[in-house]
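One structure is given below, encoded as C-alpha cells.
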Amino acid sequence: MSLSLPLSFSLSLLLFLTSLLLLTTTTTTSTTISSFSISLSPWLPSQNQTLLSPDSTFAAGFYPLPTTSPTLFTFSIWYYHHNTTTLIWSANQKSPVAASATLKVTPTGDLRLAGNSSGPNLWPSSSPASNSNSTQLTLSDAGELVFGEWSSFDFPTDTVVATQNTNGTAVSLRNGNFEFVNWTHLVFNGSDRSYWRTLLTSDFGAKRSRRLTLDDDGNLRIYSYDPDLGQWEIVWEAVQELCTIHGTCGPNSICITDGVNKPTCDCPPGFRTIPGTTAKGGCERKVLWTPSTTKFLRLDFVNFSGGSNQTELNCNFTVCQGRCLSDPKCLGFGIKYDGSGYCVLQLERLLNGYWSPGTETAMFLRVDTSEPEDSSFTGMTSVMETTCPVGISLPLPPKESHTTTRNIVIVCTLFAAELVSGVLFFWAFVKKYIKYRDMARTLGLEFLPAGGPKRFSYAELKDATKNFSNIIGRGAFGDVYKGELSDHRVVAVKCLKNVTGGDADFWAEVTTIARMHHLNLVRLWGFCAEKGQRILVHEYVPNGSLDKVLFPHARERIKNTGSEEEMQAIGDFGDKPILDWNIRYRIALGVARAIAYLHEECLEWVLHCDIKPENILLGDDFCPKISDFGLAKLKKKEAMVSKSKMRGTRGYMAPEWLKMDPITPKADVYSFGMVLLEIVGGVRNHEIQGSKLDSDDWYFPRWAFEKVFKEMRVEDILDRHIKQCYDSRVHFHMVDRMVKTAMWCLQDRVEMRPSMGKVAKMLEGTVEIDEPKKPTIYYLGDE
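Under mature numbering (1 follows the signal peptide of the UniProt record, and there is no 0), the letters of the sequence shown match residues -29 to -1, 1 to 754, in that order.
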C-alpha cells in the first residue's frame, strides 16, 4: 500500500516545519542585557533573557525550578560562569510563577513581578522610583540588584555573598523553619531559644568566590568556590555537632551522630515511631502512664535542650528525683555526676533530644513500670558493671610470724610523722597568711571572688568624677555623681551613707547584688572600699528617672532650678507629652518583670522596699531600669533596727508598715500598684483630683476605683496631657489591664494581692483578670 500527497501540500508542510525550527532556535537563544527599564518591559520567562553585572560575575533573571517543577520560575541572582548554578537570592523564593509571568516597570515607577495581570506583586516591598522612565534595574559587581533606592541586599533570603555589606542591616536569613536572626544567632521555628550564637570567623587565602548560606539542615556555612575542581567547598560551619541543631528530630525522639555520617533519629525506651512516619518525625508513647505507676530509666549522655518547658534546679540526685515524682507534668530529669548539683526537670514536652558524650549528662526518663529495663543509651558505667568480678586474696602470714606487730609499728610511725609534718606546715601557712593579709590590707589588694565586680580605687573614682563635683541625684542611701572612667565608659557613682562592717561582709553583699542580671535592673559594674568609703559604680542611665518625665511639676522644677545633667535628661520636652500609652505600658511591664525577678528568680530573695518613680530610670528607647535594689543589705544594723517598721517613701508604703505586721514581698506589690496608677494618671498619688473629700480622707486608689468601676468614666483618671491621644478602640484593653492590675496590687489585705510573677502575667494578658475589690486603708474604712 502506497501513500501519495499533492505537491502543493508537501511544499506547505516543508515551509511549516522550517518556520517551526527557526522559531525554536530563536526562542532558545539566550540574550544578555546590562540593565532593564520601562522601555524593555515586560520581561517574560520565555524570552530566556539574562541581566549581567559589568564584570559578568553575577547574572539575574527568570530561573526554572531544577527538580520539583521546571515549568515554574523564580526571579533570582546566581554566579554566571560557575560549572554549578548556585542561587544567592530570589525575589519570589516561596512563590514560584508560571511561564506566563511578567516583570515590568509600571508608569508610576513600581517594579512589579506577578504571575498574571490581576495577581499580587511578588517583588519585595519598595517605594516607587522618582522617574519611571529613567530608573533602571541593574546588577552590580557585588551581586546587588538595584532599582532606584531599592536594593536586594536589604531583603536577603538564605545566602550572603562576600562582597555584601551587612553593617547596620537588622534583617535575617531564612530557610524553611530555620532563621539566622540579625546576624547574631540561629533559631528554629521562630523560637526565642537559639541553638548557636555568633563567633567571629574568616577565610583567608586565594581570591575566590565565597558565600555564607543557611542550609536546609539548619547549619550556617561558608562556601568557597574552587575553579580547578569546579565545585563549592565548605571552609567553615557554625555547628560542628549537627544533633544540637533544633528540629533535626521530632518530639520525643533522640538524635544520634558519629560526627561523620548524617544524623539519625531513634525513639527512647517506652516510645515508638508514630504510625506512617519515621523517628525523624517524632515518637509517641507505648503506654500512657499515671504518676503512681511510673519509674525512671537512665539514658547516659542524652540531653533534651528545647523550649521553656525546662525547670533548672540546684540539688542532689535524691531531691531532683523527688521533685520530678511530685510533679505530674514532669517527664524526666537530667543530672550531672560532677558534684555541681546540676538538675533539670523536663516538663510537659521532650524536644530537641540528642546523644553526645560531650553533654556529661544522664537523662532519667519517666516511663510506665511495665517497660523493660533494657536501653541502648548506655555509657562506660554500665559496661564496667557488666564485667566479671575477680576475687583477689592475699595468703595469711605464718602463725609464728611477727608481721602484725611490725605492721602496727610502721603504721604508728607513719601517722606520727604525718601529724608532725601537718602541724609544721599549718604553722608556716598561718605565718605567711598573716604576713600577706597585713600587706594586702595596707595596699588595698584583697582578693575578690572569681567573676565578681571590679574593685576601683578611691583615687580612680575621684578622678573619674572630677573630685565628686558632678552630682546628678540624692537619695536616702547616698549621693550619686556622674563620672567617666579611663576606658571612656560613662558611669553613675553612688557614695553610700551609714554603711559599716568589715570588708569581707561588704564584698559578699556587693558580689550578690552584682550577680543580679536583668534587662530592667541597673547593672552594677564595681565598687570601692577604702579610706572609710563605701562606693558603688553603676551603669549610667541617660534619660533620668521616671518622675522627671511623668509629672509636669517635676519637669518645671528641673527647668527652673535643676542641674545641667537634669536639664539634659528631660531635653526639649517642655510641656509636650513624651510618654504615650504604648511607652507607659512597656515601662509598667518592664518594672513588673524586674521586681518578679528579684522576688522569685534570684538565688537570694531580695525585697526592694522603696518602689517609686524616682527609683525607676529610663534608658535608651525608654527601657525602664530599677535602681537601689538590694541596697538595704548594705545599711548598718543600727539603722536597720530603728527603721525596720518604717522603710520606704510615704505614699508608696504598704499598710502593713503602719500596722506593724510582718513585711513580705507583697509590700513591693503594693508600691508597684501605686506607681502603676500614677503612670496611668500622670499625677502624684497625694494630689487631690476633683474630689470634695478633705485631704485627710483622700485616697487616690479609692477615687480611681470609683471613677472606673462605679461611674464608668475611665477617661477621668487618664493623664490630662495625653488624654486626647486615648483611643478606646486601640488603648482600652491596655489601660483596662493596667488599672485592674493596680487595683489588685493595692488591696489592704496582704493575702488578696497577687505575687509579682502573676502581676507581670496580668499585664501581659496571659491570665484573666477578675473584677477587683475597692482598695481601702484600714483607718479610712470603706464607705
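Using N, Cα and C, we set each Cβ at its ideal position, and we do this for glycine too.
From a predicted model like this one, the values you see are computed outputs, not experimental measurements.
Opening and closing residue of the beta strand (DSSP E) in which residue i lies
i, result
"residue 282", "281 to 285"
"residue 209", "Premise fails: residue 209 is in no beta strand (DSSP E) and is neither H nor E."
"residue 465", "461 to 467"
"residue 508", "504 to 510"
"residue 242", "242 to 244"
"residue 829", "Outside the displayed span of the chain (-29 to 754) sits residue 829, for which this structure offers no information."
"residue 14", "Here residue 14 belongs to no beta strand (DSSP E), and DSSP marks it neither H nor E."
"residue 45", "44 to 50"
"residue 30", "29 to 35"
"residue 236", "235 to 237"
"residue 444", "442 to 446"
"residue 596", "595 to 597"
Of the listed residues the options, nearest to residue i (C-alpha basis)
i, options, result
"residue 713", "745, 93, 259, 699", "745"
"residue 747", "625, 649, 660, 636", "625"
"residue 208", "86, 41, 468, 182", "182"
"residue 585", "568, 623, 96", "623"
"residue 580", "395, 638, 325, 257", "638"
"residue 436", "451, 447, 426", "451"
"residue 455", "711, 432, 143, 715", "432"
"residue 116", "324, 726, 697, 31", "31"
"residue 220", "326, 127, 289", "326"
"residue 583", "577, 559, 591", "559"
"residue 629", "659, 675, 719", "719"
"residue 114", "317, 26, 71, 391", "26"
"residue 655", "518, 576, 740", "518"
"residue 157", "438, 189, 127", "189"
"residue 154", "147, 160, 127, 178", "127"
"residue 289", "14, 272, 307", "307"
According to DSSP, residues forming a beta bridge with residue i
i, result
"residue 334", "270, 305"
"residue 20", "2"
"residue 697", "Beta-bridge pairing links residue 697 to no other residue."
"residue 156", "152, 168"
"residue 790", "Past the boundaries of the shown model lies residue 790; the chain is included only from -29 to 754, so the question cannot be answered."
"residue 425", "497"
"residue 755", "The first residue shown for the chain is -29 and the last is 754, placing residue 755 beyond what the model contains."
Limits of the unbroken alpha helix (DSSP H) element including residue i
i, result
"residue 430", "429 to 435"
"residue 313", "Segment 313 to 318 is the beta strand (DSSP E) holding residue 313; no alpha helix (DSSP H) there."
"residue 519", "517 to 521"
"residue 638", "637 to 652"
"residue 259", "Per DSSP, residue 259 belongs to no alpha helix (DSSP H) and is neither H nor E."
"residue 626", "626 to 629"
"residue 500", "Here residue 500 belongs to no alpha helix (DSSP H); instead the beta strand (DSSP E) covers 495 to 501."
"residue 578", "Residue 578 -> no alpha helix (DSSP H), and no H or E assigned at all."
"residue 674", "671 to 676"
Alpha-carbon to alpha-carbon, residue j and residue i
i, j, result
"residue 679", "residue 492", "32 angstroms"
"residue 56", "residue 50", "7 angstroms"
"residue 736", "residue 670", "28 angstroms"
"residue 691", "residue 733", "25 angstroms"
"residue 258", "residue 339", "7 angstroms"
"residue 47", "residue 238", "41 angstroms"
"residue 3", "residue 76", "18 angstroms"
"residue 263", "residue 641", "42 angstroms"
"residue 696", "residue 566", "29 angstroms"
"residue -7", "residue 194", "Low local confidence applies: a pLDDT of 37 at residue -7 is under 50, so the model's placement there is unreliable, and no value is given."
"residue 321", "residue 223", "5 angstroms"
"residue 722", "residue 298", "25 angstroms"
"residue 675", "residue 688", "6 angstroms"
"residue 81", "residue 276", "47 angstroms"
"residue 557", "residue 708", "13 angstroms"
"residue 634", "residue 619", "12 angstroms"
"residue 621", "residue 498", "30 angstroms"
"residue 741", "residue 673", "18 angstroms"
"residue 508", "residue 242", "54 angstroms"
ask   = Are the segment 235 to 253 and the segment 285 to 294 in contact at 8 angstroms, needing three or more beta carbon pairs?
value = no
query = Any contact of the segment 332 to 349 with the segment 264 to 273, i.e. 3+ C-beta pairs under 8 angstroms?
reply = yes
task = Could you tell me whether the segment 107 to 118 touches the segment 21 to 35, using the rule of 3 or more Cβ pairs below 8 angstroms?
result = The answer is yes - the segment 21 to 35 touches the segment 107 to 118, with three or more Cβ pairs under 8 angstroms.
key: Touching by the beta-carbon criterion (3+ pairs, under 8 angstroms), the segment 120 to 139 and the segment 179 to 194   = By the criterion of at least three beta-carbon pairs nearer than 8 angstroms, the segment 120 to 139 is in contact with the segment 179 to 194.
message = Within 8 angstroms, do at least three Cβ pairs link the segment 209 to 217 to the segment 85 to 92?
response = no
query = Okay, do the segment 716 to 729 and the segment 565 to 572 touch, 3+ Cβ pairs below 8 angstroms being the bar?
reply = yes
key: At least 3 beta-carbon pairs within less than 8 angstroms: the segment 644 to 657 vs the segment 696 to 716   = yes
message = Taking contact to mean 3 or more Cβ pairs, one atom from each stretch, closer than 8 angstroms, check whether the segment 457 to 467 and the segment 498 to 517 are in contact.
response = yes
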